[in-house]
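Participant: Next up is a structure, given as structure tokens.
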Amino acid sequence: MQLQNISLGKLIAAAGGDPWAVNNSIQTGRPAQIADLAQAFHNAGQCTSESSNAFADARRRFEAAWNRESGERPINDSAEVQRITSSLRVQAAQLPEIAVDLENVAATLAQAQRTCGVLISGLERQLEDIDRQLGEAYALERSGHLSAHDQQVLDQHISDLEHQAIDDTKDTLAQLQSIRSGYSDCLQRSQTNLRTDGFDPASIQALDAPESPAKPDDQNPPHDDRPEIQDALSKPLPDDPDKLHDLWEKLTPQERDWLYQHDHSLGNHDGLPAVDRDRYNRLTLGEELAQAQAAATEADALQAQHPDWAQGKNIPQPNEPGAIFQDRLDYEAWQRRYDAARNGAKNLADLQAVDKTVKGNPDRKLLLLDTHTGRQTHAAVAVGDPDKATHVSVTTPGLNTTVHGSIGGMVDEATHLRMEALRQLSFTPGHEHDSVSAIAWIGYDTPQVPGWDDLGKSISGGWDVSHDDLAKAGAHDLARFYDGLGAATRALPRI
């Protein structure tokens, strides 16, 4: 967030607290790892129907809030479970109770992180809009062409904007503090139960969201005693898939996560292992989906506030020097917020389609999610792990293909193709144990010819069909995708 006309320090002081600090303290928690630990205790214990139902309910709450992990990290024989059962002599019947408490912590933390992220994104959009309006007001004030009445109107407008910024920040801070308080209450109850069951809550302290925000020096890469790795982290990642894969295999988990924090498109880099591409792209999917949903909600609210303006009706006349009216200022402020909200929600249908396709399906790998570099959203989903498969197929799209309209159907087709291929291989001598991965790839801007209802886009799409620019660009991107599969695979697949 870049503010040119609002002092963030003064804004925080006027609001009575720092909402970004509260949000950062919550976002530092690691609910997925707590959930993994909970699953391990659940798997190791003697579950009653009551504890199983309680665990399943908490797991559903966690998955609903935390749709940003691959879900492929079971810890059925984790050291923590073994330590608890042996050194503390916890009975097997107690393990499911520990699992329920841990899962409740994970679910509540994941819900808190998701909601707080949406609130902060909304606040920042509001402040950026107010900041733009203040800049325009200050420029008008400096023009020197204002009458006394115009200056009075403008001064009131500036004052209203400043108070709006403070009020928006106060409201968000109060909501974040309420969420933080609710999570703290849940954590304290769970910690009491965990101690009763023989589990030391200090074991998850590093995974919990701390009361005060951590302030890491995240602009600098983690220190590594290997000079070549330290040097590599200070440069852009290699463009060549083979070189990138070689570097990636040498990085620690902390170094990989640091790279993602500085580049949320990390999972789209060809050459990374499929499991890592999936993990980071699911993180990005969760963030972008929450932001797009919040933007859509704001757009709906603004449309309901002024349905006539949304339809282009009853628009106040533009202001001129010597003739400045509040209704025009109000309209311009509304229009900027409305345009920004609609722009923020433009990829919502694509993101929802991808989320529906991969959510709850750990066997599906989200190998590509890109809403920024092309005219259209790009996505690729693998059914089965291509890094472990002896046979890999890739289906590519054509005319009028979109992520929101096609990714679900293409992935279903890939699923059926994989099942049939495995069936045929099972009857082929010497290939009974072969594995298959089928990939649905929408990795380029496909030509769009919507028809007579949108003649302009149809003419543009017709040009794309009759020329090979998009096809060449798509072929280049697909070739790189193939190179990435080859660099990351553990065996030599037949693609």
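Residues 10 to 504 in the working numbering are what the sequence shown spells out, letter by letter. Virtual Cβ for every residue (Gly too), placed ideally from N, Cα, C.
(1) Just the Cα atoms here: how many angstroms apart are D348 and A430?
(2) Just to confirm my understanding: we take A304, look at its own chain, exclude 5 residues before and 5 after, and list those with CB closer than 6 Å. What are they?
(3) Give the secondary structure of K252 by DSSP, where H, G and I count as helix, E and B as strand, and everything else as coil.
(4) Who are the Cβ neighbours of I416 in its own chain at under 7 Å, not counting the five residues just before and after it?
(5) On the DSSP bridge assignment, give the partners of T404 in chain order.
(6) With 16 as the cutoff for other CB atoms within 10 Å, does M419 come out buried or exposed?
(7) Should H232 go down as buried or exposed, given a rule of 16 or more other Cβ atoms within 10 Å for buried?
(8) Taking a contact to mean a Cβ-Cβ separation below 7 Å, would you say G276 touches R265 in this structure?
(9) Going along the chain, which residues of its own chain have a beta-carbon closer than 6 Å to the beta-carbon of L494, five neighbours each way excluded?
(10) If you run the structure through DSSP and keep just helix, strand and coil, what is H381?
(11) Do three or more CB pairs link the stretch 366 to 379 to the stretch 318 to 326 at distances below 8 Å?
(12) Could you name the residues of the same chain whose beta carbon sits closer than 7 Å to that of A215, not counting the 5 residues immediately before and after it, in chain order?
(13) Rounded to whole angstroms, what's the CA-CA distance from F490 to Q184? Just pull it up for me.
(14) Restricting to Cα atoms, I'd like to know which of H273, Q173, K368 and S156 is closest to T382.
(15) Considering only their Cβ atoms, is the gap separating L20 from D140 smaller than 7 Å?
(16) For the alpha helix (DSSP H) holding A30, just list the boundary residues, first then last.
(17) In angstroms, rounded to a whole number, what distance separates the CA positions of A115 and E297?
(18) Rounded to whole angstroms, what's the CA-CA distance from D249 to L281? Just pull it up for me.
(19) Under 8 Å, with one C-beta from each stretch per pair, do the stretch 24 to 35 and the stretch 153 to 165 reach the 3-pair mark?
(20) Could you compute how far the alpha carbon of D421 sits from the alpha carbon of W29?
(21) Please determine, among T399, G483, G393 and D279, the residue with the shortest C-alpha to C-alpha distance to L408.
(22) Distance, Cα to Cα, P316 vs R345?
(23) As a quick exercise: from N370, A358, H425 and L338, pick the residue whose alpha carbon is nearest that of A146.
(24) Taking 7 Å as the limit between beta carbons, can you name the residues of its chain near D443, skipping five residues before and five after?
(25) By DSSP, does L338 sit in helix, in strand, or in coil?
(26) What separation, rounded to the nearest whole angstrom, lies between the Cα atoms of D359 and L132?
(27) Can you check whether the CB of V392 is closer than 7 Å to the CB of Q423?
(28) With distance defined between alpha-carbon atoms, name the residue in E171, N229 and T293 nearest to A23.
(29) In chain order, what residues of the same chain have a beta carbon less than 7 Å from the beta carbon of P327, not counting five sequence neighbours either side?
(30) Got a sec, what are the start and stop residues for the alpha helix (DSSP H) A388 sits in?
(31) What three-state label does DSSP hand D240 in the structure shown?
Facilitator: Concretely, from the data shown:
(1) One-based indexing of the sequence shown puts residue 348 at position 339. One-based indexing of the sequence shown puts residue 430 at position 421. The straight-line gap separating the alpha-carbon atoms of D348 and A430 is approximately 48 Å.
(2) Numbered from its first residue, the sequence shown carries residue 304 at position 295. A350, G353 and A354, listed in sequence order.
(3) For the purposes of this step, residue 252 is taken as residue 243 along the sequence shown, with counting starting at 1. Helix.
(4) Taking the first residue of the sequence shown as position 1, residue 416 is located at position 407. Counting only Cβ-Cβ distances below 7 Å, and skipping sequence neighbours, we find A362, V363, T366, A388, V390, A449 and I451.
(5) Here residue 404 refers to the residue found at position 395 of the sequence shown. Answer is A449.
(6) Along the sequence shown, one-based indexing puts residue 419 at 410. For M419, the number of other beta carbons within 10 angstroms of its own is at least 16, and it is reported as buried.
(7) The count along the sequence shown starts at 1 and reaches residue 232 at position 223. With fewer than 16 other Cβ atoms within 10 Å, it is exposed.
(8) Reading the sequence shown from its first residue, position 267 is the one you call residue 276. Reading the sequence shown from its first residue, position 256 is the one you call residue 265. The criterion of a C-beta distance shorter than 7 Å is not satisfied by G276 and R265.
(9) Reading the sequence shown from its first residue, position 485 is the one you call residue 494. Here the set comprises P395.
(10) One-based indexing of the sequence shown puts residue 381 at position 372. Three-state DSSP puts H381 in coil, outside helix and strand.
(11) The answer is no - the stretch 318 to 326 does not touch the stretch 366 to 379, with fewer than three Cβ pairs under 8 Å.
(12) One-based indexing of the sequence shown puts residue 215 at position 206. Low confidence applies here, because A215 scores a pLDDT of 43, under 50, leaving its location unreliable and the question unanswered by this model.
(13) Here residue 490 refers to the residue found at position 481 of the sequence shown. Here residue 184 refers to the residue found at position 175 of the sequence shown. Each residue's alpha carbon lies about 43 Å from the other.
(14) Indexing the sequence shown from 1 puts residue 382 at position 373. Comparing alpha-carbon positions, the option among H273, Q173, K368 and S156 lying closest to T382 turns out to be H273.
(15) By one-based count along the sequence shown, residue 140 stands at place 131. By one-based count along the sequence shown, residue 20 stands at place 11. Not in contact: D140 and L20 (Cβ atoms no closer than 7 Å).
(16) What you label residue 30 is simply residue 21 of the sequence shown in a count that begins at 1. For A30, the enclosing alpha helix (DSSP H) stretches over residues P28 to Q36.
(17) Here residue 115 refers to the residue found at position 106 when the sequence shown is read from its first residue. Here residue 297 refers to the residue found at position 288 when the sequence shown is read from its first residue. The straight-line gap separating the alpha-carbon atoms of A115 and E297 is approximately 21 Å.
(18) If you number the sequence shown from 1, residue 249 lands on position 240. If you number the sequence shown from 1, residue 281 lands on position 272. Straight through space, the alpha carbons of L281 and D249 are spaced by roughly 11 Å.
(19) Put simply, the stretch 24 to 35 does not touch the stretch 153 to 165. Fewer than three CB pairs are less than 8 Å apart.
(20) Locating residue 421 in the sequence shown gives position 412, where the first residue counts as 1. Locating residue 29 in the sequence shown gives position 20, where the first residue counts as 1. Take the alpha-carbon of D421 and the one of W29: they are about 41 Å apart.
(21) Within the sequence shown, the letter at position 399 stands for residue 408. Taking L408 as reference, the option from T399, G483, G393 and D279 with the minimal CA-CA separation is G483.
(22) Taking the sequence shown and counting its residues from 1, one reaches residue 316 at position 307. Taking the sequence shown and counting its residues from 1, one reaches residue 345 at position 336. Rounded to whole angstroms, the separation of the alpha carbons of R345 and P316 is 15 Å.
(23) The sequence position of residue 146 within the sequence shown is 137, counting from 1. The residue with the shortest Cα to Cα distance from A146 is L338.
(24) Position 434 of the sequence shown, counted from the start, is the residue given in the question as residue 443. T399, H400 and L434, listed in sequence order.
(25) Taking the first residue of the sequence shown as position 1, residue 338 is located at position 329. If DSSP states are grouped into helix, strand and coil, L338 belongs with the helices.
(26) Position 350 of the sequence shown, counting from 1, holds the residue named residue 359. Position 123 of the sequence shown, counting from 1, holds the residue named residue 132. Approximately 24 Å between the Cα atoms of the pair.
(27) Here residue 423 refers to the residue found at position 414 when the sequence shown is read from its first residue. Here residue 392 refers to the residue found at position 383 when the sequence shown is read from its first residue. In the sequence as displayed, the identity of residue 423 is Ala instead of Gln. A contact, by the Cβ cut-off of 7 Å.
(28) As a first step, residue 23 must be located in the sequence shown, where it is residue number 14. The shortest CA-to-CA distance from A23 to any of E171, N229 and T293 is the one to E171.
(29) Position 318 of the sequence shown, counted from the first residue, corresponds to residue 327. Here the set comprises R337.
(30) For the purposes of this step, residue 388 is identified with residue 379 of the sequence shown, where counting begins at 1. Element bounds for A388: not the alpha helix (DSSP H) but the beta strand (DSSP E), H387 to V392.
(31) Locating residue 240 in the sequence shown gives position 231, where the first residue counts as 1. The answer is helix: DSSP assigns D240 an H, G or I state.
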